[in-house]
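**Student:**
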Amino acid sequence: MSTRPPVARPWWIVTAREISVKLHDRSFLLSTVVTVLLVAGSVAASALLGGSSADHVLATAAPEAAPVAARAAQALAESGDDTLTVHSANAPDAARRAVADETADAALLRDLDGWTVVGRDDVDPTLARVLEQAVAEETLAARARAAGTTAEELTAGSELRTELLSGEPDRGPARLVVGFVFAFLFYLAAILFGMAIANSVLEEKQNRVVEILATAVPVRQLLYGKVLGNSLLAFAQTGLYAAVGLVGVNVTGAAADVGWILAASGWFLAFFVAGFAAQASVWAVLGSLASRSEDLQTSTGPIMTVLIGALFVGLYAEGAWLTAASFVPVVSSVAMPIRLLDGGVAWWQPVLSLTIALAAAWALLRLGERIYQRAVFQGGRSLTWRQAARLEQ
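Residue numbers (my numbering): 10 to 402.
#1: W276 by DSSP, collapsed to three states: which one?
#2: Do R348 and V339 have their CB atoms nearer than 9 Å?
#3: Under DSSP, the alpha helix (DSSP H) around S362 begins and ends at which residues?
#4: Start and end of the beta strand (DSSP E) containing D120?
#5: Which runs of the beta strand (DSSP E) fall wholly inside the segment 227 to 259 and span at least 3 residues, in chain order?
#6: Decide if the segment 64 to 83 is in contact with the segment 108 to 117; the criterion is three or more beta carbon pairs, one per stretch, under 8 Å apart.
#7: Taking the Cβ atom as the reference point for each residue, do A109 and R129 lie within a distance shorter than 9 Å?
#8: Less than 8 Å between the CB atoms is what I'm expecting for L373 and S290, so what's the real figure, rounded?
#9: Quick one: measure Cβ to Cβ for Y196 and L316, integer angstroms, because I've assumed they're closer than 8 Å.
#10: Taking 8 Å as the cut-off, does the segment 383 to 398 touch the segment 200 to 217 (at least 3 CB pairs, one atom from each stretch)?
#11: Nearest CA to the CA of V236: which residue from E87, E378, N99?
#12: Buried or exposed for E147, going by 16 or more other Cβ atoms inside 10 Å?
#13: According to the neighbour-count rule (16 or more other Cβ atoms, all chains shown, within 10 Å of its Cβ), is N99 buried or exposed?
#14: Might you give, ordered along the chain, the residues of its own chain that have their beta carbon closer than 6 Å to the beta carbon of R395, omitting 5 neighbours on each side?
#15: So, A243 versus F285, is the Cβ gap smaller than 9 Å?
#16: On the DSSP bridge assignment, give the partners of T24 in chain order.
#17: Assuming contact is defined by CB atoms lying nearer than 9 Å, are G257 and V52 in contact in what I supplied?
#18: Would you list the residues sitting across from W330 in a DSSP beta bridge?
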């Protein structure tokens, strides 16, 4: 009697099955659509809230700046509800001090090389735009009064430079929005796909389907397939949400330059893969340890605490706390990308953090493999990690 040859790459068959089941699940598809709408709505709401009127204070230290400030004030009044208040300083250093002391939002200075707008952490994009336009118009108007000039001479020296006293730009509301999106997406995807893994394992255990599958597929291959299949789905879904958020930020103008967001988003996707892989095997083990849905609800407390901690770190942590959290596996999936949004992070730090996260994912996968193979066939009772580790394989 001929025997059936072993299946090549059985883990891939399990992976394809997990993906197929999810793509035919109406609740999964509906939750994806709803989350896309929530991400787009949150970006739009942030843009609307950030578009309220503002009173800008501009410090000047040269008589030539008065007509430029007048043109800028007129442009602000015509384009919206923003206003411009001009503060005359005695000297350029005094104007810079006004910006440093936050008594002025920006300073408009004139020297032999042209015009400079000075900001403390950043220059408001709207104010910078109208000042640049006003400088160009006033320069052209002044030179047009002189006869015999060329067009090139009329526009020479009208460029507006930006100088930031702090050295690093303040990304303002855009940074907060993107940071919230990173934290929320990781938290949501981890719970959605983590619970899917646990419930799938529990259902197969309750129906004794796992015993049938184990005759054709090695048990550890079942675990690998479930982890990989749900990790790919989570990665694809999160990539979709990130793309929607980036498009929304760009369309609404929440960030004038999205290059810094793209770089941080790339790191976020990499850290997301490592962070989800680190916990995926834990979710599978929780499903194998449970005997009923009620057991699963009570045993997820520790991992839920870690995920909630990652969410709060992403929303509220700053300074040394955020730096320390960016090297803790799972939590680093949120903390490190948010640090990268602020800039000033040495290249080796995200590389080291990602290496630690991948090492933790591998260690947890090997540990989960041992527990899963022992507990998944123990029907009728719930187990603890210690009890399952003591069982014979």
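No residue lacks a Cβ here, since even glycine has one placed at the ideal position from N, Cα and C.
**Tutor:** Taking the geometry as given:
#1: Per DSSP, reduced to three states, the secondary structure at W276 is helical.
#2: At the C-beta level, R348 and V339 stay beyond 9 Å of one another.
#3: Here the alpha helix (DSSP H) through S362 covers 357 to 384.
#4: Run containing D120: 115 to 120, per the beta strand (DSSP E) assignment.
#5: Within the segment 227 to 259, no complete beta strand (DSSP E) run reaches 3 residues.
#6: Yes, they touch.
#7: Yes; because the gap between Cβ atoms is below 9 Å, this pair is in contact.
#8: Rounded, the Cβ-Cβ distance is 5 Å, consistent with contact.
#9: Confirmed, about 6 Å.
#10: Using a Cβ-Cβ distance cut-off of 8 Å, the segment 200 to 217 and the segment 383 to 398 are in contact, since at least three pairs of beta carbons, one from each stretch, lie closer than that value.
#11: Distance from the Cα of V236 is smallest, within the candidate group E87, E378, N99, for E378.
#12: Buried, by the Cβ-count rule.
#13: Exposed, because fewer than 16 other Cβ atoms sit within 10 Å of the Cβ of N99.
#14: Taken in chain order, the list of residues that qualify is empty.
#15: Inclusion of A243 and F285 in the CB contact set at 9 Å is warranted, their separation being smaller than that value.
#16: In the DSSP assignment, T24 forms no beta bridge with any residue.
#17: Their beta carbons are under 9 Å apart, which means G257 touches V52 by this criterion.
#18: According to DSSP, which records beta bridges pairwise, W330 is partnered with nothing at all.
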